[in-house]
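Engineer: The numbers in my numbering rise by one with no breaks, and the one at position 17 of the sequence shown is 37.
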Amino acid sequence: MIGKATEPQPATGALAGDPFEELAQRDELDGRLAWLINLRWIALSGVCLAVALAQGFRVVASPAALWAVLGAMLAFNFALYGMRRNHPDRALRALLAEGLLQIGLDIVGLGLLIFFSGGLSNPFVFFFTHHVVIAAILFDRRKAYGVAALTSGVVAFLALAEALPWLGSWPLEVELGFHPASLWERGGLALALILTLCFSAYLVTTIMEHLRRRGRDVRRLNADLADRVERLARAERKLKAEHQRARAILECMNEGVMVVDLHAKVLLANSAAQSSGVETLTDTLRRAGTLVAEPGSRGALHEPCVHEGADPRDDPEACEKGDPDECLHDALEQGGELCPSVLAMLGADPPAPPKALEAPQRPVRVDLESGGRSFENTVSAVRTPEGEAQGVVVVSREVTARRSLERQVRHAEKLHAVGRLAAGVAHELNTPLGTILGYAQMVLEDARAGRAAKEADLEAIESQTRRCRKIVQGMLDFARKTGGERERVAPERLLTKVAELTAHSLKLRGIELECAAPAEALPDVAVAPNELEQVLVNLVTNAADALETLEEAERARRGGGRVTLRAREAPQDAGVLLIVEDDGPGVPELLQRELFEPFFTTKPMGKGTGLGLSIARRIVEDHGGTLQLVPRADGRPGARFEVRLPAAGVRAEASPAAD
Ligand code: ADP
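1) Less than 6 Å between the CB of THR621 and some heavy atom of the ligand ADP, yes or no?
2) Which same chain residues end up closer than 8 Å to LEU556 when comparing Cβ atoms and leaving out the 5 residues on each side of it in sequence?
3) Note down the Cα distance separating ARG236 from ASN290, rounded to an integer number of angstroms.
4) Within 10 angstroms of the Cβ of PRO624, are there 16 or more other Cβ atoms? Answer buried if so, exposed if not.
5) Restricting to Cα atoms, I'd like to know which of THR569, LEU213, SER634 is closest to GLN612.
6) Would ARG307 be called buried (16 or more neighbouring beta carbons within 10 Å of its own) or exposed?
7) Alpha helix (DSSP H) containing PRO591: first to last residue?
8) Quick one, which of ALA266, GLU589, GLY454, GLN554 has its alpha-carbon nearest ALA539's?
9) Since GLY454 is in the alpha helix (DSSP H), which residue starts that stretch and which ends it?
10) By a C-beta neighbour count over all protein chains shown, 10 Å radius and 16 as the cutoff for buried, is ILE238 buried or exposed?
11) Cβ of TRP87 less than 7 Å from any chain B Cβ?
12) For CYS359, count the other beta carbons within 10 Å of its own beta carbon; 16 or more makes it buried, fewer makes it exposed. Which is it?
13) Under three-state DSSP, which class holds CYS535?
14) Distance check for GLU568 and ALA536, CA to CA, integer angstroms please.
15) Have a look at the DSSP bridge pairing and note the partners of PRO666.
16) Which residue's Cα is closest to the Cα of ALA566: GLY581, ARG577, GLN554?
17) Quick check: the stretch 173-180 against the stretch 117-126, are at least 3 beta-carbon pairs closer than 8 Å?
18) Let me make sure I understand the geometry here. Which of ALA563, VAL249, PHE159 has the alpha-carbon closest to that of TYR222?
19) Given 6 Å as the limit, tell me if LEU521 has its C-beta closer than that to any heavy atom belonging to the ligand ADP.
20) Going by C-alpha to C-alpha distance, which of LEU478, ARG440, GLY470 sits closest to LEU457?
21) Determine the extent of the beta strand (DSSP E) in which PHE395 is found, giving its start and end residues.
22) For GLY119 and LEU86, what's the separation of their Cα atoms in angstroms?
23) Suppose contacts are defined by Cβ-Cβ distances below 7 Å. Is GLU42 in contact with LEU112 by that definition?
24) Looking at the secondary structure, which residues open and close the beta strand (DSSP E) in which THR171 lies?
25) Among the candidates GLY76, ASP593, LEU649, ALA266, whose CA atom is the shortest distance from the CA of ALA659?
26) If I measure Cβ to Cβ from LEU305 and keep anything under 6 Å in the same chain, skipping five residues before and after, which residues do I get?
27) Does the separation of the CB atoms of VAL415 and THR398 fall below 7 Å?
28) Does DSSP put GLU507 in a helix, a strand or coil?
29) Just verifying my parser: in three-state terms, what is the DSSP assignment at VAL326?
30) With GLY276 as the anchor, note down where its beta strand (DSSP E) starts and where it stops.
31) According to DSSP, is VAL518 part of a helix, a strand, or is it coil?
32) Can you tell me the Cβ-Cβ gap for PRO511 and LEU542, rounded? I've got them flagged as a contact below 8 Å.
33) Helix, strand or coil for PHE146, going by three-state DSSP, please let me know.
34) Tell me the DSSP secondary structure of GLU601 in three-state form.
35) So for GLN493, helix, strand or coil by DSSP?
36) Please confirm if the stretch 135-144 is in contact with the stretch 83-103, defined as three or more CB-CB distances below 8 Å between the two stretches.
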């Protein structure tokens with residue numbers, strides 16, 4: 021392991037125990053032995069030349085012996101060369117043995133060459149140091165000293181050979197400056213040579229050990245680096261696979277998913293999101309209250325400009341001007357600005373774009389209509405584990421089919437209300453129709469008697485007919501399809517309209533409807549009047565139904581039953597409260613939680629659908645308001661429903677998304 025103190029180990033002595041280290045040592049020794057063979061070819065060529073010259077100049081007495089040694093050494097080198105070619109994959113131990121054999125035979129060969137060419141007086145005697153140096157390069161300290169010892173033995177033998185006449189010697193034919201004559205001189209020379217050999221062995225092995233240690237460290241670093249690179253590559257592959265999987269999952273989602281950073285750069289968008297377009301996204305973010313820089317200004321919604329890691333020269337599209345060279349030229353010649361991608365190419369930090377988005381604290385739901393399609397979008401913050409906002413994610417779900425179904429259900433519910441109002445309307449029509457009939461008969465009598473019809477009679481017929489038409493028109497307006505354009509409406513107008521629609525049927529049921537004028541001037545509300553009327557009619561009808569469940573006596577005690585319609589300014593915010601209150605039994609606490617659930621009803625079969633309040637709440641929320649059941653302010657029994665609507669011109673708080 022890197023960083024761990026390790027005992028220095030000889031590279032080519034005791035095996036490291038690490039298979040990779042052993043392999044590295046083997047390869048190193050193998051290369052050096054090949055180098056040694058090549059070196060030997062050069063050395064033997066040099067020796068051949070030297071022997072030939074020595075023979076030519078009659079320097080040596082017995083050249084034949086030298087040629088014989090040379091021949092043997094050449095043959096030995098050939099054999100080594102051949103063996104290496106035939107057995108290239110030998111183990112470290114075999115290579116060590118071969119190395120020792122090569123060096124040993126070299127020393128013996130050099131010893132013989134020196135022996136037959138003047139012994140210690142031959143200046144080439146210093147070539148022994150080369151062998152020790154080579155051994156120190158090839159082997160560890162122990163083996164290098166062994167080789168130095170062998171060489172010293174050969175040197176000592178040469179000294180002895182000259183000193184002891186029975187060993188014989190082959191002196192040089194010429195004086196070469198130094199010719200040890202006495203035993204002391206020969207001994208001194210041999211000792212100097214042996215010391216040189218030992219010192220060389222020490223010096224070179226020390227240097228080699230140091231180098232080997234460094235080599236080992238480098239190899240370990242390399243191995244560690246390779247391991248890290250491999251792990252990184254694996255992690256990258258895994259990340260890429262995860263990314264692709266996430267991308268594939270995102271792609272097969274029906275919902276559009278788009279991730280935008282705080283500088284309004286679109287980081288990711290699946291196909292469904294791309295199909296709804298940047299404008300829809302901008303609209304969603306604006307409505308969610310997250311957009312702080314409008315499109316068109318720098319930093320507004322844009323596709324990524326700099327592709328991370330890409331050189332704009334390879335991808336000119338990345339440059340805002342399309343061509344990095346032109347961008348540079350403009351900046352230099354005309355003092356124009358460099359686009360962020362070119363700045364990145366030049367190694368400079370591009371200026372941080374202004375913050376364009378504010379991440380919402382809670383997910384915000386934004387409903388959008390675009391091109392005849394309905395979308396339900398949720399804008400949520402993307403945060404780091406520490407809670408720091410990084411951007412926003414917009415999930416967009418197309419709800420066109422559901423909305424259409426909802427509209428149908430709302431309309432059906434409205435027709436249900438129309439049916440319930442019909443009796444009252446029919447009764448209400450009866451009176452003017454009776455009056456019209458009476459006056460028409462009078463006009464007919466006048467006509468039969470040849471008298472001119474009285475103007476007052478005709479006026480009465482006209483005014484009563486108009487009254488009928490107004491009643492029928494009101495009903496028709498109410499029964500119209502739900503939806504429609506939003507318009508500025510005075511809250512009182514809404515209440516009056518609802519009072520007109522419901523008063524007849526309530527009167528028929530013996531219930532008083534009070535529509536109180538607001539005490540203060542109220543701001544207008546921006547609503548689809550038709551939809552809000554449906555909400556209020558449903559609340560009034562429910563109140564009447566509740567009053568009818570009271571015992572006669574109880575109802576009489578409460579003054580026959582009354583439903584009150586009121587409007588007033590909403591406390592604490594710029595909005596309006598529309599209140600529908602009754603003296604009925606109220607809603608038991610147990611039922612209050614289920615009240616707004618679809619299909620919750622306590623009414624008998626055929627009378628209640630259980631959809632009225634859930635639809636009403638949905639309509640009010642679509643207008644950015646709330647519908648709630650609250651306790652009556654005066655503490656009397658009964659129910660009080662409050663519709664809170666934002667004033668026109670005041671941006672409705674985008675509704676928090678349902679969890
Ligand atoms: P439906 O009128 O078809 O039953 P709604 O959703 O309009 O459906 O009403 C659900 C239930 O809420 C009613 O069945 C009734 O029990 C209760 N409710 C609604 N308004 C009142 C009220 N003013 N007083 C008492 N209970 C009410």
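Glycine included, every Cβ here is placed at the ideal spot set by N, Cα and C. All values derive from a computational prediction rather than experimental measurement.
Structural biologist: According to the data block:
1) yes
2) LEU514, LEU515, VAL518, LEU585, LEU598, VAL600, VAL663
3) 51 Å
4) exposed
5) SER634
6) buried
7) Counting along the chain, PRO591 falls outside any alpha helix (DSSP H), and DSSP gives it neither H nor E.
8) GLU589
9) 420-468
10) The sequence given here places Val at residue 238; Ile does not occur at that position. Exposed.
11) The structure shown contains no chain B, having only a single protein chain.
12) buried
13) strand
14) 22 Å
15) GLY595
16) GLY581
17) no
18) PHE159
19) no
20) LEU478
21) 393-403
22) 24 Å
23) yes
24) Premise fails: THR171 lies in the alpha helix (DSSP H), 161-183, not in any beta strand (DSSP E).
25) LEU649
26) LEU311
27) yes
28) strand
29) Residue placement at VAL326 is poorly supported in this model, since its pLDDT is 34, which falls under 50; the coordinates are not used for a value here.
30) 276-281
31) helix
32) 5 Å
33) helix
34) strand
35) helix
36) yes
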